[in-house]
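Take a look at the structure set out below.
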Amino acid sequence: MALFSTNITGASRSLRVLARLLSYPNAKLRGDLNDMRQAMVAERALPIARLAELGALLSTLETGNALENEADYVEVFDRGRATSLHLFEHVHGDSRDRGPAMIDLAQTYEKAGLLLGPDEMPDYLPVVLEFVSTQPPTEARAFLSEMAHIFNAIFNALQQRNSAYASVLGALLELSGEKAHPVKIVADEPLDTTWEEPVVFDGCSVKGQTKPDQTQPIHFVKSAASAGVTP
0 MALFSTNITG
10 ASRSLRVLAR
20 LLSYPNAKLR
30 GDLNDMRQAM
40 VAERALPIAR
50 LAELGALLST
60 LETGNALENE
70 ADYVEVFDRG
80 RATSLHLFEH
90 VHGDSRDRGP
100 AMIDLAQTYE
110 KAGLLLGPDE
120 MPDYLPVVLE
130 FVSTQPPTEA
140 RAFLSEMAHI
150 FNAIFNALQQ
160 RNSAYASVLG
170 ALLELSGEKA
180 HPVKIVADEP
190 LDTTWEEPVV
200 FDGCSVKGQT
210 KPDQTQPIHF
220 VKSAASAGVT
230 P
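For the record, in the sequence shown the residue sitting at position 122 is 121 according to numbering that gives the first Met the number 0, with numbers rising by one throughout.
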């Protein structure tokens with residue numbers, strides 16, 4: 000995401016670090032790990048215990064086998080719906096509501112002066128966190144709070160897999176002012192099986208979308224899966 004805002008207040012630096020931690024652990028990320036660690040520690044937006052957990056993840060990415068870390072990331076985030084980092088997957092699934100929601104969210108970014116990269120989806124959690132990091136503290140916390148039920152569902156799914164990435168979602172819950180609680184994780188098929196040819200907008204219309212000068216609020220409504228209810 001191209002950032003044209005320089006608002007760095009509250010937990011902004013920590014949010015950007017968490018966004019990076021949820022990105023693919025390539026060489027560029029590995030080269031930034033020390034700066035990321037220092038930024039989180041200096042900002043003091045997270046509890047010491049959470050910082051220790053995140054520090055352990057940073058150390059694994061820093062000193063562990065790069066190929067194994069990359070393979071683990073793909074296995075954790077790209078092969079199951081329960082741990083998907085695309086938030087509208089948890090809210091709308093494959094329904095036609097997903098397309099209009101994508102458009103609304105992209106418009107929200109544009110109004111804030113942020114532009115998506117050519118390959119970035121608006122509901123991808125690292126992108127969402129980059130946006131939230133540019134907002135004033137009160138607005139940022141409120142936005143995170145709307146997504147807390149999704150964070151909690153992903154947190155539980157990651158814990159079930161014994162993944163160190165659960166610490167990142169735990170940190171997001173804390174920044175949103177919420178606490179993790181157990182939910183029932185519904186078993187699902189791998190994404191590479193169920194999404195063989197995904198169609199992002201699925202032929203949806205933009206009927207009911209706002210005009211360019213109107214504000215469209217974004218609401219992350221609980222789905223059965225994120226609420227821990229078996230369909």
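Don't be surprised by glycine CBs; every beta carbon is placed ideally from N, CA and C.
Just so it is clear, the structure is predicted and the values come from calculations on it, not from any experiment.
Figure out for me which residue from the options has the closest Cα to the Cα of residue i.
i, options, result
"I102", "A139, L171, M120", "M120"
"F150", "A163, E173, E129", "E173"
"L32", "A41, E42, V16, R43", "V16"
"E177", "Y23, N161, A38, R140", "R140"
To the nearest angstrom, how far is the alpha carbon of residue i from that of residue j?
i, j, result
"A55", "Y123", "24 Å"
"T133", "E109", "13 Å"
"Y23", "G30", "13 Å"
"A111", "R160", "36 Å"
"E138", "A100", "20 Å"
"E129", "A105", "13 Å"
"A70", "R78", "11 Å"
"V131", "H180", "23 Å"
"L86", "V73", "17 Å"
"T107", "A152", "25 Å"
"M35", "E88", "28 Å"
"S175", "R97", "24 Å"
For residue i, count neighbouring Cβ atoms within 10 angstroms of its own Cβ and tell me buried if that reaches 16, exposed if not.
i, result
"R95", "exposed"
"T62", "exposed"
"A48", "exposed"
"A26", "exposed"
"L66", "exposed"
"G9", "buried"
"R273", "Since the displayed the chain opens at 0 and closes at 230, residue 273 lies outside it and no answer follows."
Hey, residue i and residue j are a contact pair by Cβ (cut 8 Å); roughly how many whole angstroms apart?
i, j, result
"A18", "P136", "In fact, because the Cβ distance is near 17 Å, the residues do not count as touching under 8 Å."
"S13", "L45", "6 Å"
"L57", "A170", "12 Å between Cβ atoms; not a contact."
"L21", "V167", "6 Å"
"V75", "Y164", "6 Å"
"V40", "L50", "6 Å"
Does the segment 109-118 touch the segment 144-163, meaning 3 or more C-beta pairs lie closer than 8 Å?
Here the segment 144-163 makes no contact with the segment 109-118; the two share fewer than three CB pairs at distances below 8 Å.
With a threshold of 8 Å, are at least 3 pairs of Cβ atoms found where one atom belongs to the segment 74-82 and the other to the segment 154-169?
The count of Cβ pairs closer than 8 Å, one atom from the segment 74-82 and one from the segment 154-169, reaches three, so the stretches are in contact.
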